[in-house]
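Heads up: the structure comes next, in structure tokens.
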Amino acid sequence: MSWGTELWDQFDNLEKHTQWGIDVLEKYIKFVKERTEIELSYAKQLRNLSKKYQPKKNSKEEEEYRYTSTRAFLATLNEMNDYAGQHEVISENMTSLITAELTRYVQELKQERKSHFHDGRKAQQHIETCWKQLEASKRRFERDCKEADRAQQYFEKMDADINVTKADVEKARQQAQLRHQMAEDSKAEYSSTLQKFNSEQHEHYYTHIPNIFQKIQEMEERRIVRIGESMKTFAEVDRQVIPIIGKCLDEITKAAESVDHKNDSQMVIEAFKSGFEPPGDVDFEDFTQPMKRTVSESSLSNSRGDGKSEPKFGSKSKGKLWPFIKKNKLMSLLTSPHQPPPPPPASPSAVPNGPQSPKQQKEPLSHRFNEFMTSKPKIHCFRSLKRGLSLKLGAGPEDFSNLPPEQRRKKLQQKVDELNRDIQKEMDSRDALTKMKDVYIKNPQMGDAASVDHRLAELGQNIEKLRLEVQKFEGWLAEVEGRLPARSEQSRRQSGVYEAQNASGVNSCAQDRESPDGSYTEEQSQETEMKVPATDFDDEFDDEEPLPTIGTCKALYTFEGQNEGTISVAEGEMLYVIEEDKGDGWTRIRRNEDEEGYVPTSYVEVYLDKNAKDVHKPLQKISE
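Here you go:
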């Protein structure tokens, strides 16, 4: 079956058919190209969808993705991103393996087709030229034969006429012979031309045209095979990504199976647990006794049931407020721990009782309420002032003291881990620079070793700063962990007493550091003061360098520091000043290496000395 023998006379139809085949191939290329565009668009939409629902960095949404259900959703989003990537692979493979290859093949096919049909037209023109030569030779032979016949008839007529001269007859005879000779020559030429044409025609229809048509047939068959292979590749490109897409779907299924409702419930507890204990029973208030009514401090406090029905104002140990009742600030003002330093006594012999002296009486409730309504909360130390400013600016305090104990511990632990990671990064950079410096020392042509000294010094300073930060946060962390209730009842009681004592004296600097915004301010209770057991926190910071002294001071009056952060001094005692009054009425002093605290500025006479050196031995008491 060959086009050359079967379709020898269908040159024009073959030309139309091969052009149609190229059009079909170009149409398939266009189809694949549109398919790749659809795949790219679908992949882009999937990626945008995954990105749209991804948690934003450093936002509240990122914290919500710690639950198993939200982590499963996040895994689904990530797998959808990979799923989109496989559709991009489909588009890329179809473009490179089908569209680009077929486009190049179509150009080659058009050139080959043009060449074959050019040869066919050339063969057609040649046979037509041969045919025209044959026709011309035939017509010339026919004309010469007719001329020879006319010349012979004219000669015979002249030869039969007696009136014609012999010369005219001879002339007619010669003319007839000439015409016969020309006819014979035309006959020979016609015969030769005819044989040549028959040979050319046979060659044309049995050799040239079959060869050309055979090449065209092979070209068309290659086109058909190529488009079939492209369709197979079209399917294979899809089939190659099916296992990966299946893995994506398997990962989504695995993520869905990892959802644990019990674990999520436990994480809710860890996320919102405050570390407080539920409030105790409300004490009975007997109004039948002739006593001045006061606000019951046990109405919201954690009474342990020590057999004391009436609270004693001024005790150090405090209970905890119920975290659901937002009355801490009001009750704190009514119970009067937030008050400025006491004024100096009228005479040197009068000894004040301190900010919370048990001998002082409470002001009437109406006065307290008026004070609360008309005055702004006061910040009683410089650290609290800075913390208050940061709260107003929207940033939380550095030690996270505005959070409940349990949440504060987690935040501090996260901060410590983050600082340790930063230290490790800086140490890695320092090690790399040290190695580089060693290389420069051994091979001076590679670089100047002194050029990295400045950077090494910077890294050393950064590491030292980060280590100081770690020590600071670890101190706060140890402080919080010492106050959190433990599993055993004994440690829980000790932790409760430790927290109560550290939270007493709201007007002191330590209290302000614990709750600057009143988020979990605690009221006083009637529990007996207890000593706080020593913890590792104290041992850890024994070796810290103390604050330098900036001068000395002399106690003008005796002051009994009953609040946390304050220190008791006797009249005439000489002490060191380590922090002057920041505008809150308190001055920080030191007696010796282990004893330091705040006293009212008006109770001491300060002698600032820029060249004063820190001496850890206690000064001699000067009596007047």
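Number 98 in this note's numbering belongs to position 97 of the sequence shown; there are no gaps in the numbering. Glycine is no exception: its CB is placed at the ideal position from the N, C-alpha and C atoms. Since the structure is predicted, the reported quantities are computational estimates derived from the model, not experimental observations.
The region 72 to 82 touching the region 112 to 129, judged by at least three CB pairs closer than 8 Å: No: the two stretches stay apart, fewer than three of their Cβ pairs being nearer than 8 Å.
Reference Gln125, options Asn94, Gln11 and Lys167, closest by Cα: For the residues Asn94, Gln11 and Lys167, the minimum Cα distance to Gln125 belongs to Gln11.
Per DSSP, the bridge partner or partners of Val578: Gly552 and Ile590
Residue burial classification, Asn199 (beta-carbon count within 10 angstroms, cutoff 16): By the neighbour-count criterion, in which a residue is buried when 16 or more other Cβ atoms sit within 10 angstroms of its Cβ, Asn199 is exposed.
Length of the line joining the Cα atoms of Ser42 and Val226: 31 Å
Beta carbon of Gln202 nearer than 8 Å to that of Gly5: no
Phe401 burial status per 10 Å Cβ neighbour count (16 or more: buried): buried
Limits of the alpha helix (DSSP H) - the one that Tyr608 falls within: Note, Tyr608: premise wrong, no alpha helix (DSSP H); beta strand (DSSP E) at Val605 to Leu609.
Contact check, Val600 vs Gly562, beta carbons under 8 Å: yes
Whole-angstrom distance between Ile590 and Thr602, CA atom to CA atom: Approximately 10 Å between the Cα atoms of the pair.
Spatial distance of His117 from Arg140 (CA atoms): 35 Å
Residues sharing a beta bridge with Val570, DSSP: Phe560
Rounded separation between Met428 and Lys53 - CA only: Answer to the nearest angstrom: the Cα atoms are 38 Å apart.
Distance, Asp160 Cα to Asp169 Cα: 9 Å
Through-space distance from Asn564 to Ala556, alpha-carbon basis: 18 Å
Collapsed DSSP secondary structure at Gly598 in the structure displayed: strand
Assigned exposure category for Phe285 - 16 Cβ within 10 Å defines buried: exposed
Distance between Arg240 and Asp454 (C-alpha atoms, nearest Å): 59 Å
Rounded straight-line distance, which links the Cα of Thr208 to that of Glu171: 55 Å
Under the three-state DSSP convention, the category Leu47 falls into: helix
Cβ-Cβ distance between Thr69 and Val238 below 8 Å: no
Nearest-angstrom Cα separation, counted from Ala450 out to Val578: A direct Cα-Cα distance of roughly 47 Å separates Val578 from Ala450.
Simplified DSSP assignment, three categories, for Trp4: helix
Where Val269 sits in the DSSP three-state scheme: helix
Proximity of Lys153 and Ala177 at Cβ, strictly below 8 Å: Reading the sequence as shown, one finds Gln at residue 153 and not Lys. Their beta carbons are under 8 Å apart, which means Gln153 touches Ala177 by this criterion.
Between the CA atoms of Asp120 and Leu135 - distance to the nearest angstrom: C-alpha separation (whole angstroms): 23 Å.
Between the CA atoms of Arg468 and Glu572 - distance to the nearest angstrom: Each residue's Cα considered, the two are about 41 Å apart.
Under 8 Å between C-beta atoms of Met183 and Asp145: yes
Where the alpha helix (DSSP H) through Gln215 begins and ends: Ile210 to Glu258
Gln196 classed as buried or exposed, judged by whether at least 16 other C-beta atoms fall within 10 angstroms: Exposed, because fewer than 16 other Cβ atoms sit within 10 Å of the Cβ of Gln196.
7 Å CB neighbourhood of Gln267 in its chain, flanking five on each side removed: No residues qualify anywhere along the chain.
In chain order, each alpha helix (DSSP H) run of at least 4 residues that lies wholly inside the region 145 to 182: none
C-beta atoms of Ile551 and Glu597 nearer than 8 Å: Not in contact: Ile551 and Glu597 (Cβ atoms no closer than 8 Å).
Buried versus exposed call for Glu35 [16 or more other C-beta atoms within 10 Å across all chains shown]: exposed
Supposed contact pair Leu478 and Gln425 - C-beta distance, whole angstroms, cut 8 Å: So it is not a contact: roughly 19 Å between Cβ atoms.
Boundaries of the alpha helix (DSSP H) in which Tyr84 is found, first to last residue: Thr69 to Met95
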